[in-house]
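Just so we're aligned: 252 in the working numbering is position 265 of the sequence shown, and the numbers increase by one with no gaps anywhere.
Glycine included, each C-beta is placed from N, C-alpha and C at the ideal position.
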Amino acid sequence: MSEIRHNWTKEEILAIYNKPLMELLYEAATVHRLHHDPNTVQVSTLLSIKTGGCPEDCGYCPQAARYHTDIEGNDLMSVQQVKAQALRAKSSGSSRVCMGAAWRNVKDGPEFDNVLEMVRTINKLDMEVCCTLGMVTENQAKRLAEAGLYAYNHNLDTSEDYYKDVISTRAFEDRLDTIANVRKTNVTVCSGGIIGMGEALEDRAGMLVALATLDPQPESTPINALVAVPGTPMEEIEPVSIWDMIRMVATTRIVMPQTQVRLSAGRTDMSREGQAMCFFAGANSIFAGDKLLTTPNPDVNEDMKMFELLGLTPMKPFVKKAQPETVEAKDSNLQPLGEKPKWTRPGHTIERNEEARLTRSK
Ligand code: SF4
């Protein structure tokens, strides 16, 4: 039960997902206790350092430029702004700051240099630093590592089969390529996905096969529930049930015993009781802060009250892996190469956004 397997099949994972709930919970909680302190939960703060205007067409995302949402776009934040937000996050119990930029891929240049400086600044605050900046090359991943990055997030989102129904501007293999580039460094990998996008149970299992068969498995895996934002192609999808979330968390815990399983988007729709069951089923990380990039999230004080009620303690930073060193820009051995990550362009087929816009304007 405690071994790490990299040969999971979709059938095996589906069989776990569909177990009688009490049996599933018992098994997941047992695996969880073998690998983690069940009363400790990592608290991360997600910060949108550059919002909106993204050229990709992820069907769930209000930041895609082609959709007509109420998101206010913002240019890249300054290093000082990011530092102030990180200090605030630290004082309210976060051990990690995850900086998200709505980019297709990282481009070498002054903006990326600023992001590297943000990484250095937060690492020096003794917090874990994570970035989610889109696709990266090996050289860019190495430069992030050199600045002191602890984790890089790049979600698989869903199964390989369902992927083309969600995103048409890049392919599933492109995601895997970026993860492989990050793996060439000491930076840990954060990768997960979203449920409730109209996928079949086989797709949830398929996503977990793709994650669990990575060797090593991702150090952290966010499990998001779709937040259907008006103006996106998925605006009319009904919220996923809490039972599906609990089953997904428990199954993730069983197939990836050592991974930090993170409750992410969709937590505002979950009761405390529902979240408690997710923690019991093996979730041991949450995103804190009143916003997750652009969608709402529970208030930090409410989260701390929930922690008190459940006897949970926020995890300290660098428990799983030592703090990386920061190399200053002037001492860097790595030069920008000006390359772009290679990606496939499978064709743009997700045009439901236009339909959504016309319906709303009637
Ligand atoms: S999820 Fe990321 S890559 Fe996709 S549209 Fe949104 S910001 Fe762009």
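How far does the beta strand (DSSP E) with residue i in it reach, from first residue to last?
| i | result |
| --- | --- |
| lysine 307 | Unbroken run through lysine 307: none, as it is neither H nor E. |
| arginine 249 | 247 to 250 |
| valine 30 | 27 to 37 |
| isoleucine -9 | Segment: none, isoleucine -9 is in no beta strand (DSSP E) and carries neither H nor E. |
Look at the alpha carbon of residue i and the alpha carbon of residue j, and state the distance between them as a whole number of angstroms.
| i | j | result |
| --- | --- | --- |
| glutamate 189 | glutamate -1 | 11 Å |
| glutamine 322 | leucine 198 | 32 Å |
| serine 65 | glutamate 104 | 10 Å |
| leucine 1 | alanine 192 | 6 Å |
| alanine 270 | phenylalanine 159 | 26 Å |
| glutamate 315 | arginine 107 | 8 Å |
| arginine 347 | cysteine 85 | The predicted position of arginine 347 is uncertain, since its pLDDT is 42 and thus under 50; a value taken from the coordinates is nonetheless stated next. Their backbone Cα atoms lie some 34 Å apart in a straight line. |
| lysine 349 | proline 217 | The predicted model places lysine 349 with a pLDDT of 47, which falls under 50 and marks its position as unreliable, so this point remains unresolved. |
| lysine -3 | glutamate 326 | 36 Å |
| threonine 124 | glutamate 10 | 43 Å |
| isoleucine 224 | proline 97 | 39 Å |
| aspartate 95 | leucine 324 | 7 Å |
Does DSSP put residue i in a helix, a strand or coil?
| i | result |
| --- | --- |
| alanine 275 | strand |
| alanine 158 | coil |
| asparagine 126 | helix |
| tyrosine 54 | coil |
| cysteine 48 | coil |
| serine 348 | Because serine 348 carries a pLDDT of 47, less than 50, the predicted location of this residue cannot be relied on, and no value is offered for it. |
| tyrosine 139 | strand |
| asparagine 288 | helix |
| aspartate 24 | coil |
| isoleucine 224 | coil |
Using DSSP bridges, identify the partner residues of residue i.
| i | result |
| --- | --- |
| methionine 86 | Leu34 and Cys118 |
| valine 176 | Tyr139 |
| serine 207 | Cys177 and Gln247 |
Excluding the 5 residues preceding and the 5 following residue i in the sequence, name in chain order all residues of the same chain whose CB lies nearer than 8 Å to its CB.
| i | result |
| --- | --- |
| glutamate 59 | Thr38 and Gly39 |
| threonine 219 | Gly46, Tyr47, Cys48, Pro49, Ala51, Tyr54, Thr56, Asn340 and Ala343 |
| isoleucine 233 | Leu8, Leu12, Gly261, Met264, Cys265 and Ala268 |
| cysteine 117 | Ser31, Arg83, Val84, Cys85, Met86, Leu136, Tyr137, Ala138, Tyr139, Asn140 and Cys177 |
For residue i, collect the residues of the same chain with a Cβ closer than 6 Å to its Cβ; drop the 5 residues on either side in sequence, then sort them by chain order.
| i | result |
| --- | --- |
| proline 304 | Ser82, Met114 and Glu115 |
| threonine 175 | Ala138 and Glu206 |
Tell me where the alpha helix (DSSP H) around residue i begins and ends.
| i | result |
| --- | --- |
| asparagine 101 | 97 to 111 |
| leucine 324 | Taken as a continuous stretch (DSSP letters only), leucine 324 belongs to no alpha helix (DSSP H), as it is neither H nor E. |
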